[in-house]
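Structure record follows, encoded as structure tokens.
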Amino acid sequence: MFGFGKPKGLVGLDIGSSSVKVIELRKKGDGYELVNMGVENLGQDAVVDGAIMDSFTVTTAIETIFNQNKIKIKNVATAVSGHSVIVKKISVNAPTELEVANAIPYEAPQFIPFAMEDVNISYQVLGPATAGPGFDVMLVAVKRDKILNHTNVLSQSGKTPMVVDIDAFALQNAFEVNYEPAPDRMIALLNIGASLMNINIMRGGVPLFTRDVSVGGNQYTDTLQKELDLSFDDAEKLKQGHEVGSVTPDQAAPHLRSVSEILLLEVQKTFDFFKQTTSAESIQQIYVAGGSARIEGLVDLLKEEFGIPVEIMNPFQRVEVNPTKFPADRIENLAPRMSVAVGLALRSFDTP
Ligand SMILES: Nc1ncnc2c1ncn2[C@@H]1O[C@H](COP(=O)(O)OP(=O)(O)OP(=O)(O)O)[C@@H](O)[C@H]1O
Ligand SMILES: [Mg+2]
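Using my numbering, the letters of the sequence shown map in sequence onto residues 523 to 874.
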């Protein structure tokens, strides 16, 4: 997480490939209350694989959400993901935790496939090294042009980017606040959006392994378009369980399943790699966030494949929501898609 000031009074703003999502929370008692929620769809080519291509469309979407919801706060927390983000657990040979900071510039370059002047580096000390001297550290490197791509659009929209997080960590933040998982429970979070799936394997508040895979809802839509000769909009409707012309969701089911199997294979590969390189322990539970969590049959397929509990994540589970302002069906419908935005909004309450 890269901070540019004191994170106070922040709105969470998630610029995804299919839509911009905004969440504002307020502290209430021991918990939180939802103050504002907004979503604006972007169309197909404004954001491609997490990179903002058409800044005018994105700026307009951000302004629309803030105006319609009368959001006054200008400070925002945003997140990036995809190929420009590297997250890696490394061991740093430093005598004290404080000296890790001095060692990072020497240790980091060997783990980062980009020139050091092109990236912003951040890290979190996880604890004493499990093997050898020094400390285990979670190293995060994000290409500067990726950060600028997002912060420029936010500035153009009159917002002040105070925090640039990564999707996988914002997701974890939302998860922990809402589910308070037991410290020894090994959990995989999947955020399946339109173009990307963020995978975060975590335990006791520590991200153990993260990976972003280029597979998501667009792949389902593409497949339906090709196989059933449909427009993008019709394929989207069909995918979400609506009949389109004479084509029924039943006819879509085998095509959806074939894409789900590709997705499953990526999850399986990630879990295998994690087990081989990081930990012999098994993943005990999966939570699925993102709009594509709702793909018909996906959760059941994950359950079958891995034989562990799989649930759709609800980022409002422990957030008070006023049903007059936010009708229950709207919340229910949008919940999994808002997970990253909720995690970002929660940064407002981090102790600086
Ligand atoms: N009910 C539903 N059934 C199936 N798919 C759905 C449903 N609702 C939304 N989706 C899909 O979810 C995707 C959008 O999810 P989300 O908002 O999490 O993605 P994003 O953040 O815009 O994209 P990314 O994170 O990949 O850049 C779209 O592909 C959309 O078609
Ligand atoms: Mg997303």
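Heads up, the beta-carbon is just placed ideally off N, CA and C, and yes, glycines get one too.
query: Tyr628, buried or exposed, once every other Cβ within 10 Å from all chains shown has been counted against 16; result: exposed
query: Val821: first and last residue of the uninterrupted beta strand (DSSP E) it sits in; result: Val821 -> not in any beta strand (DSSP E); alpha helix (DSSP H) instead, spanning Leu820 to Phe828.
query: Proximal residues to Val699 (C-beta, below 7 angstroms), its chain only, five neighbours per side dropped; result: Arg840 and Leu868
query: Status (buried if at least 16 other CB within 10 Å, exposed otherwise) for Thr732; result: buried
query: Sheet register partners of Leu711 (DSSP bridge); result: Asn722 and Tyr809
query: Integer-rounded CB distance, given that Ala583 should sit under 8 angstroms from Val862; result: Going by Cβ atoms, the distance from Val862 to Ala583 rounds to 16 angstroms, so no, they are not a contact pair.
query: For Asp576, the first and last residue of its enclosing beta strand (DSSP E); result: Taken as a continuous stretch (DSSP letters only), Asp576 belongs to no beta strand (DSSP E), as it is neither H nor E.
query: Boundaries (first-last residue) of the alpha helix (DSSP H) holding Leu752; result: Unbroken run through Leu752: none, as it is neither H nor E.
query: Unbroken alpha helix (DSSP H) run spanning Thr799, endpoints; result: Pro771 to Thr799
query: Residues that DSSP places opposite Met559 in a beta bridge; result: Ile545
query: heavy atom of ligand 1 below 7 angstroms from Gln762 C-beta; result: yes
query: Residues that DSSP places opposite Pro683 in a beta bridge; result: Val598
query: Secondary structure of Phe848, DSSP reduced to three states; result: coil
query: Separation of Glu621 from Glu585, as counted between CA atoms; result: 43 angstroms
query: C-alpha gap between Ser870 and Val789, whole angstroms; result: 32 angstroms
query: Endpoints, the beta strand (DSSP E) within which Asn642 is located; result: Val641 to Pro650
query: Exposure of Ser677, with buried meaning 16 or more beta-carbon neighbours within 10 Å; result: exposed
query: Reduced DSSP secondary structure (H/G/I, E/B, other) of Leu661; result: strand
query: C-alpha distance - Ala630 paired with Asp571, whole-angstrom precision; result: 26 angstroms
query: Ligand 2 heavy atom lying under 7 angstroms from the CB of Asn713; result: yes
query: Gly738 beta carbon near ligand 1 (any heavy atom closer than 7 angstroms); result: yes
query: CB of Asn624 within 8 angstroms of CB of Pro655, strictly; result: no
query: Inter-stretch contact at 8 angstroms, needing at least 3 Cβ pairs: the stretch 714-729 / the stretch 808-819; result: yes
query: Per-residue burial, Gly560 [other beta carbons within 10 Å of its own, 16 or more giving buried]; result: buried
query: Per DSSP, the bridge partner or partners of Val609; result: Val662
query: Residue of Gly531, Asn558, Ile574 and Leu532 minimising C-alpha distance to Asn843; result: Checking the sequence, you will find Val at residue 843 rather than Asn. The shortest C-alpha separation from Val843 is found at Asn558.
query: Asp689 - containing alpha helix (DSSP H), residue span; result: Asp689 to Tyr701
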